[in-house]
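Step one of this worksheet: look at the structure below.
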């Protein structure tokens, strides 16, 4: 037996000829008696060699798999070598005498050209066979493989074509003449020949050293099939509107617990904002700007053809002022189960979804087993991520607790006290007590790591197992995923278990059935709060002299369960008490599923029938212990939510080639949607006994219950038709009519049309060249709409809190409107798709759009005489106009391959009209009423306003602050423009470098412009914990000497810059000295523009380094695919504000929703990094 020695492939198995059937042996032996005997028929070479062995008494070794047949003659008087030459002439084999009486056969040297016939001649460049005397290995030096690659249609040489030995990292690329030379360690194997825009060819070497290869153009690259509305698959070049399709692999490459976050930065026209760095938090997604005043502007999500629950829910504010974000149900979908995501951005793309598509549509297609390998297969993916807090504001660590540097009160309060780390001792919050009960002074030192010491390194483990089976009649895929997250805040986390089944079966040549069912269970014992009383607020207010370590035992000894141990009783809770006792738990079970049948009635006519459901049940429970700042006697809250949506639809499709030049297709269908939601929220305002969270333990008179039930139905019919000419000119028309139960009968029917045109001008004008290889122009016009929530037509009865035993029913104070109409969005879109250079090395997509949303459903103020403060009307016209640019390029396509995918988005929003008689409209407020979101004609959604300080009206000091006689800023009563929270433009820049088996990928997300107000920064300044407050605290930091009202000599004086009116029309410069704390309070407490910042940022959103193991390694393992990756998310964040806050997550979560542009107590920035392992067998 011969053994394999690297790097040359030896004979896999040699067999000593001598074991053969006796009958064949006798026949051949008889032939040897003749001088020459011709074999009339082909006989096995194995049998002929046996005869030679017997005749010449030698050993002949050959490869076991060489089961060749020969036709010829044995020469009786010839030598063994002469007979071997004669017999092997047509077999492609040659022999060599390796020692006395021992010969070995081997494949002849490779052919000299791609089409050459096999020859026994040994190429002159081949080196002789060398045999180790002690072994029977064969060692051959293999000549290099040379070749030329050309375009199959034109015969022109192709430059930069990748030539790679399959399963290895050995490869090269063609030169300017299309030629290549590749030195290999073996003469067998398969060459992978690939280039952008061409079909990849697999060329078996078969020992050849000279190849002539031609590549065919990849028409699929230009005719790529994408999923559009209603699941209809169409060629990309036929679309008259912009559609973005993201492969599922791009979403699971660097996993995020929320699937939507994985889309950020990857699609032009799509803005995704994370509400928190906490795993599983809500992600807001807007497509082509905010278009609705009263709606949440979130798109419709469709999973495997089934519309699912709204992606955005109001955060929970139940007890005290703590707000909890339990995440959006759409984010629960497991990225490992997603085949692709298609985003229908324009109204034309989404028009077939009618009144639910006013803000765009996101189509999610899950994986099936139909694309898996034949037979049974298993795929395993395991990801481990570590989350580390890294981005938070700069704190001052030089001054401790107290009202001013010379204060005697250093026990509790804000951080305006004496300087730290100067060798002093002070009585502090945790100082031991002497016999008289007085605090014993201890070292007055700082704890600069107090913030980072509280947070821990979070972990997220995600493991996915998928089993597939694919056969002639059908296929299935069963997937299970487990996600286990431990948050950066102690005692927080997220658990998720997902089960996904996709199956299809061919009942008949014309009948197929399929089903997709996904089940997800989410649970958390505690979700981090994100508003008042969160751990972030407590830590950011904490003075530098507070040592966290004693606070870990958060109950006072002997008062466990009744009284907490904290450094500032009555003002701030112990952060560990908040983390371990003030829990925000939830459990959510969700099922999304469908069953559908496909019937090919004729070769041109087909029918799809489908029914599906989206259901989730969620339980939220909030527990509050005794001695909490806002819940001194504890509290308990329990909320049960149920949501169900049923959709049943059919689609009858017809496709016909009318003539060789004209094609026609059409579809008609109908849908019925039934939606129901129910919630029951019960609150116990205080408890009798601590730690027992049950309503039977609620204090008398503190239990309230709120129930809410809604139903909604939409009936729809729709149709689409397309005519194409020579596969280069396409006209598409769609129409849908909805009947919504939320609108009055006279207005509940509305028709939504669309028209789109697409032309491949390079084909029509025959202008294709080596520079411009493909050009398409497209245009469309369409209308879509948006209805309203249930029960907006007539005022309903509400029940206030009981008055003793008396019920108090009341009518809703907002007047409803029985004549409501749906919101209507009218859209225009123009665009072009261009490909440059051979193979489409550069691709450019440009889109211009304009959308006007009319008939906005809004609440406007009314007079008291009407018996209500507001009334519901149709009014307003909001316009969004913008451009989207997408670029794909392959600057390098050789052994090293560099791919670029970039996108640019700019959207301009404008309020065209409100309603006659209304000059401004408030979309809400934040931070009390200090910031308002106001709309005025000519302004934009997202504009924020706040009162500023009064300014000198005229003279040489015009525009300067006008101060009081005491030298203080004065607040005006009107609201000035503060800024808009939307970015001016955004850019996504994705890069992929591939070298042999190694792939590096990274995504940069750049958002330029916009403003955000930071409530935490303002609070930190007032509290004295921000590093911005260091100036002026003492003489060393620039403080002025002054005498306060108690005649104390101090060095923390500051002067507010401004002017004081003299009463005669003149002004004088202010010289009044304030304490440092009073100075910062006057500048920042009421004047929000001082803590409003530029929201621009550049993030390294994703990065991964992947190694794909090659054929040699896999041949020794029971798997056929194996890869390992180093991955990271949000690894770097450059911000224009440079204040330690992330502009993306700087938003507030309020009782009635999310407030963008106003940062609150969200978690600090988190950097995630880890590794991923994937294999298949």
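Numbering (my numbering), first residue to last: 158 to 1334. Cβ coordinates follow ideal geometry from the N, Cα and C atoms, glycine included. Please read these numbers as outputs of a predicted model, since none were measured by experiment.
For residue i, the nearest candidate out of the options (CA to CA)
i, options, result
"residue 727", "624, 569, 983, 1091", "569"
"residue 902", "950, 918, 1256", "950"
"residue 696", "518, 551, 1191", "551"
"residue 1278", "774, 442, 324", "324"
"residue 837", "849, 557, 799", "799"
"residue 562", "583, 638, 547", "583"
"residue 1212", "1190, 892, 1222", "1190"
"residue 398", "984, 362, 815", "984"
"residue 418", "393, 489, 1092, 387", "489"
"residue 1155", "396, 763, 1283, 968", "1283"
"residue 1044", "385, 997, 209", "997"
"residue 1010", "503, 721, 775", "503"
"residue 817", "754, 824, 858, 882", "882"
"residue 623", "480, 365, 493, 1280", "493"
"residue 1235", "436, 560, 433", "560"
"residue 790", "718, 484, 382", "718"
Environment of residue i [buried if 16+ CB atoms lie within 10 Å]
i, result
"residue 673", "buried"
"residue 819", "exposed"
"residue 855", "buried"
"residue 954", "exposed"
"residue 268", "For residue 268, the pLDDT reaches just 41, beneath the cut-off of 50, and the residue's location in the model is therefore unreliable, although a value from the coordinates is still provided. Flag for residue 268 reads buried."
"residue 614", "exposed"
"residue 486", "buried"
"residue 849", "exposed"
"residue 1314", "buried"
"residue 1225", "exposed"
Between the CA atoms of residue j and residue i - distance to the nearest angstrom
i, j, result
"residue 308", "residue 340", "24 angstroms"
"residue 807", "residue 534", "33 angstroms"
"residue 922", "residue 314", "26 angstroms"
"residue 844", "residue 566", "35 angstroms"
"residue 1305", "residue 1107", "28 angstroms"
"residue 139", "residue 1329", "Any answer about residue 139 is impossible in this case: the structure gives the chain only from 158 up to 1334."
"residue 1079", "residue 979", "21 angstroms"
"residue 167", "residue 242", "Reliability fails at residue 167, whose pLDDT of 32 lies under 50, so the model's placement of it is uncertain and no value is given."
"residue 524", "residue 415", "18 angstroms"
"residue 733", "residue 1242", "29 angstroms"
"residue 968", "residue 956", "8 angstroms"
"residue 1326", "residue 421", "17 angstroms"
"residue 686", "residue 1112", "51 angstroms"
"residue 1206", "residue 1232", "11 angstroms"
"residue 795", "residue 839", "5 angstroms"
For residue j and residue i, believed in contact at Cβ under 8 angstroms, the rounded distance
i, j, result
"residue 994", "residue 1068", "Rounded, the Cβ-Cβ distance is 44 angstroms, inconsistent with contact."
"residue 330", "residue 319", "6 angstroms"
"residue 149", "residue 1053", "Examination of residue 149 is not possible in this model, given that the chain is present from 158 through 1334 alone."
Q.
If contact is defined by three or more beta carbon pairs under 8 angstroms, each pair taking one atom from either stretch, is the segment 1132 to 1147 in contact with the segment 1093 to 1106?
A. yes
(Q) Does the segment 1047 to 1054 come into contact with the segment 502 to 510, if we say contact requires no fewer than three beta-carbon pairs (one atom in each stretch) closer than 8 angstroms? (A) no
Q) So, do the segment 859 to 873 and the segment 824 to 840 have three or more beta carbon pairs nearer to each other than 8 angstroms? A) yes
Q. Taking contact to mean at least 3 C-beta pairs separated by less than 8 angstroms, is the segment 597 to 616 in contact with the segment 1265 to 1282?
A. no
Q: Tell me, please, whether the segment 1178 to 1191 touches the segment 1079 to 1087 by the rule of three or more beta-carbon pairs shorter than 8 angstroms.
A: no
Q) Is the segment 583 to 596 touching the segment 1196 to 1216 in the sense that three or more CB pairs, one from each, lie closer than 8 angstroms? A) no
Q: Say whether the segment 1029 to 1049 touches the segment 1109 to 1126, bearing in mind that this needs 3 or more beta-carbon pairs closer than 8 angstroms, one atom from each stretch.
A: no
Q: Report yes or no: do three or more beta-carbon pairs, one from the segment 1003 to 1019 and one from the segment 1028 to 1040, lie closer than 8 angstroms?
A: yes
Q.
Any contact between the segment 649 to 668 and the segment 676 to 689? By contact I mean 3 or more CB pairs, one from each, below 8 angstroms.
A. yes
Q. Touching or not, the segment 858 to 867 and the segment 933 to 943, by the rule of three or more beta carbon pairs under 8 angstroms?
A. no
Q) How do the segment 523 to 531 and the segment 1312 to 1331 stand: do at least 3 beta-carbon pairs fall below 8 angstroms, yes or no? A) no
Q. When the Cβ atoms of the segment 1284 to 1299 are set against those of the segment 493 to 500, are three or more pairs found closer than 8 angstroms?
A. no
Q.
Quick check: the segment 536 to 544 against the segment 613 to 627, are at least 3 beta-carbon pairs closer than 8 angstroms?
A. yes
(Q) Taking contact to mean 3 or more Cβ pairs, one atom from each stretch, closer than 8 angstroms, check whether the segment 741 to 755 and the segment 772 to 788 are in contact. (A) yes
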